[in-house]
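Under my numbering, the residues of the sequence shown are numbered 21 to 158, in order.
Report on the structure given below.
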Amino acid sequence: MAFRFLLAGGANAALGFVLFHALLRALSGRPAAAGLAQAVSYGAGVAVGYAVNRRWTFRGAGGRPHARTLPRFLATYLTTLALTSAGMQLGVGRLGLRPSVCWVLVTGAATVVNFVAQRYWVFAPSPSARVPDGGPST
């Protein structure tokens with residue numbers, strides 16, 4: 021599961037990285053360019069991330085309906101969006117990091133947070149879908 025998450029996330033991050041840099045170039049010279057570029061590129065990855073993680077990474081979300089998983093997924097991504105955008109502003113604006121370096125650091129931290137939240141909260145199997153510790157009953 022972690023491998024699928026990293027593979028899906030890597031593809032999504034590559035897409036986000038390209039979009040981030042295109043937006044950074046387009047917004048060049050604006051004071052909040054790094055934070056805004058991060059917010060837009062991150063938002064674009066949310067739709068892709070939900071579809072891929074629900075269907076492939078976490079194999080159908082453990083039988084949980086979209087009405088349960090989508091709000092939790094969005095809450096997770098909105099939280100990490102706020103953290104990554106603030107991290108970009110801090111890293112680039114205050115610490116003087118290059119935007120590319122800061123993006124990699126911020127995205128790495130967000131990946132860990134997202135996996136834990138999605139595995140154990142967003143797409144956690146329903147209690148009826150879990151196998152007891154002793155294995156399947158016969």
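Don't be surprised by glycine CBs; every beta carbon is placed ideally from N, CA and C.
Next item on the list: Rounded to whole angstroms, what's the CA-CA distance from Thr89 to Gly111? Just pull it up for me.
Entry: 32 Å
Next item on the list: Work out the CA separation of Leu27 and Pro85 for me, nearest whole Å.
Entry: 24 Å
Checklist line | Asn32 beta carbon less than 7 Å from that of Gly63 | finding: no
Next item on the list: Over the uninterrupted alpha helix (DSSP H) stretch that includes Ser120, give me the two end residues.
Entry: 119 to 137
Next item on the list: Evaluate contact between the segment 94 to 103 and the segment 31 to 51, counting only Cβ atoms and requiring at least three cross-stretch pairs below 8 Å.
Entry: no
Item checked: alpha helix (DSSP H) segment containing Asn32, residue limits -> 22 to 46
Next item on the list: Report the three-state DSSP secondary structure of Ala144 (helix, strand or coil).
Entry: coil
Check: Count the other CB atoms within 10 Å of the CB of Tyr140; is the residue buried (16 or more) or exposed (fewer)?
Finding: exposed
Next item on the list: Flag this pair as yes or no: are the beta carbons of Ala46 and Met108 separated by less than 7 Å?
Entry: no
Check: Roughly how many angstroms separate the alpha carbons of Gly116 and Gly29, rounded to a whole number?
Finding: 27 Å
Checklist line | Straight-line Cα distance separating Ser146 from Leu35 | finding: 32 Å
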